[in-house]
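Undergrad: If you're matching positions, the sequence shown starts at 1 in UniProt numbering and goes up one per residue. Beta carbons are placed, not taken as given, at the ideal position from N, Cα and C, and that holds for glycine.
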Amino acid sequence: MQEQELDMTVELLAESFAESMLLPKAYVKLLAYLVKQYLVERRGFLTDPDLKNLQTLQNFKLFHKLPSGSMLLIRVMQEQELDMTVELLAESFAESMLLPKAYVKLLAYLVKQYLVERRGLMPHAATLIAFHRSESESEGEDIQLAGTVEVSFNNKGANVAPPTPVPPKNAPYICNMTVKKSLRRQGIGWQLLKASEELISQMSSVREVYLHCRMIDTAPFNMYSRAGYSVYKTDSILILLTLQRRKHLMCKQLPPSTNIVSETNTVYNDEKNLAPMDI
């Protein structure tokens, strides 16, 4: 990357960071300085396509109006949003594994280590989060974290020890999707799925995308099937000997990007929340 291109990239990223953190324009120069130091340090590790993909991740935003009238914003998780995402995932994993609430703190510790590690793999992987905004006469505007999902785009972002059946490492993969308990049955899981597909279409030339679904989770399975996913492979019954639930590995051939965006306007009222997929 030439010096002029570096400065242009720094300026774009600094402005994007300032916007996402709601900082005054006076902070852009300071952010630009910090971003430039970071990029210079990583210059030997990030290629030009990597830097362009980082910009794509920073600029990615999808808005959707839910049937309830509430608004949903989906974008890439920022560093300052790590703890709230960890809390949501830890509570969801504890629920899906039928663990007492006393285990949530331990799960949160493990999930945080995992998310920090995964965030370091950007732009080869990313964590998306959804913010739910509603308005009422009594409480005014209410904005809260509604859900999250993780996406890997290639073998550099692939999980070192993925669940079985093992998906191809060079193919995009969606995992760890969950929706806040109080906001379920509003179609937020569907929007997270469509946002993941749209981001994959921008970040990868590979059109096959994979995800796991536990065999007992009929509601998520029905949603994935409706979205165009089909069973690619299924765990052997012997997996039960390892005290794990049997899972389907599902696959979908992605349509053109514009078709994915139009699908986000489809109403999907998931009767039950997506069960979180295994880390």
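Would you kindly work out how many angstroms separate the C-alpha atoms of residue 152 and residue 135, rounded to a whole number?
TA: What you label residue 152 is simply residue 152 of the sequence shown in a count that begins at 1. What you label residue 135 is simply residue 135 of the sequence shown in a count that begins at 1. Residue 152 and residue 135: Cα-Cα distance of roughly 34 Å.
Undergrad: For residue 20, which residues from the same chain have a beta carbon less than 7 Å from its beta carbon, with the 5 sequence-adjacent residues on both sides left out?
TA: On the sequence shown, position 20 is the one that residue 20 refers to. 78, listed in sequence order.
Undergrad: My output table needs one value for residue 37: the three-state DSSP class, helix, strand or coil.
TA: Residue numbering aside, residue 37 sits at position 37 when the sequence shown is read from its first letter. Helix.
Undergrad: Would you report the Cα separation of residue 226 and residue 245, rounded to the nearest angstrom?
TA: Numbered from its first residue, the sequence shown carries residue 226 at position 226. Numbered from its first residue, the sequence shown carries residue 245 at position 245. When rounded, the distance between both Cα atoms is 23 Å.
Undergrad: Judging by CA-CA distance, which residue of 133, 231, 127, 169 is the nearest neighbour of residue 178?
TA: The residue you call residue 178 lines up with position 178 of the sequence shown. Of the listed residues, the one whose Cα sits closest to residue 178 is 127.
Undergrad: Classify residue 188 as helix, strand or coil using the three-state DSSP reduction.
TA: Position 188 of the sequence shown, counting from 1, holds the residue named residue 188. Helix.
Undergrad: On the CB-based measure, 16 or more other CB atoms within 10 Å of its CB, does residue 93 come out buried or exposed?
TA: Here residue 93 refers to the residue found at position 93 when the sequence shown is read from its first residue. With 16 or more Cβ atoms within 10 Å of its Cβ, residue 93 is classed as buried.
Undergrad: Looking at the strands, I want to know which residues DSSP matches up with residue 174.
TA: Working through the sequence shown from its first residue, we reach residue 174 at position 174. Residue 174 pairs with 151, 211.
Undergrad: Select from 9, 97, 87 the residue whose C-alpha is nearest the C-alpha of residue 243.
TA: In the sequence shown, counting from the first residue as 1, residue 243 sits at position 243. Of the candidates 9, 97, 87, the one whose C-alpha sits nearest the C-alpha of residue 243 is 97.
Undergrad: Taking DSSP as the reference, what is the three-state secondary structure of residue 68?
TA: For the purposes of this step, residue 68 is identified with residue 68 of the sequence shown, where counting begins at 1. Coil.
Undergrad: Could you give the DSSP three-state label for residue 118: helix, strand or coil?
TA: By one-based count along the sequence shown, residue 118 stands at place 118. Here residue 118 sits in helix by DSSP.
Undergrad: Exposed or buried, which one is residue 247 when buried takes at least 16 other CB atoms within 10 Å?
TA: To locate residue 247, count along the sequence shown from 1; it is residue 247. By the neighbour-count rule (16 or more Cβ atoms within 10 Å), residue 247 is buried.
Undergrad: Report the residue from 13, 117, 54, 197 whose alpha carbon sits nearest the alpha carbon of residue 255.
TA: Here the question's residue 255 lines up with position 255 in the sequence shown. With distances taken between Cα atoms, residue 255 lies closest to 197.
Undergrad: Which partner residues does residue 141 have in the DSSP bridge list?
TA: Indexing the sequence shown from 1 puts residue 141 at position 141. Bridge partners of residue 141: 135.
Undergrad: For a quick check, are the C-beta atoms of residue 228 and residue 194 less than 8 Å apart?
TA: Locating residue 228 in the sequence shown gives position 228, counting from the first residue. Locating residue 194 in the sequence shown gives position 194, counting from the first residue. Not in contact: residue 228 and residue 194 (Cβ atoms no closer than 8 Å).
Undergrad: Where do the ends of the alpha helix (DSSP H) carrying residue 224 lie?
TA: Translated into the one-based positions of the sequence shown, residue 224 becomes position 224. Here the alpha helix (DSSP H) through residue 224 covers 218 to 226.
Undergrad: If you follow the beta strand (DSSP E) that residue 252 is in, where does it begin and where does it stop?
TA: Taking the sequence shown and counting its residues from 1, one reaches residue 252 at position 252. Taken as a continuous stretch (DSSP letters only), the beta strand (DSSP E) holding residue 252 covers 247 to 253.
Undergrad: Excluding the five sequence neighbours on either side, which residues of its own chain have a C-beta within less than 7 Å of the C-beta of residue 32, listed in chain order?
TA: Within the sequence shown, residue 32 is the residue found at index 32, counting from 1. Only 10, 11, 14 meet the Cβ criterion.
Undergrad: Can the beta-carbon of residue 145 be found closer than 8 Å to that of residue 115?
TA: Residue 145 sits at position 145 when you count from the first residue of the sequence shown. Residue 115 sits at position 115 when you count from the first residue of the sequence shown. Not in contact: residue 145 and residue 115 (Cβ atoms no closer than 8 Å).
Undergrad: Is residue 38 near the ligand COA, with its Cβ less than 7 Å from a heavy atom?
TA: Here there are no bound small molecules, and the ligand COA is not part of this structure.
Undergrad: Confirm, please, whether the CB-CB distance from residue 54 to residue 63 is below 8 Å.
TA: Counting from one through the sequence shown, the residue named residue 63 turns up at place 63. Counting from one through the sequence shown, the residue named residue 54 turns up at place 54. Taking 8 Å as the Cβ cut-off, residue 63 and residue 54 do not qualify as a contacting pair.
Undergrad: What's the C-alpha gap between residue 211 and residue 222?
TA: Counting from 1 along the sequence shown, the entry for residue 211 is found at position 211. Counting from 1 along the sequence shown, the entry for residue 222 is found at position 222. Rounded to whole angstroms, residue 211 to residue 222 spans 14 Å at the Cα level.
Undergrad: Tell me the DSSP secondary structure of residue 28 in three-state form.
TA: On the sequence shown, position 28 is the one that residue 28 refers to. Helix at residue 28.
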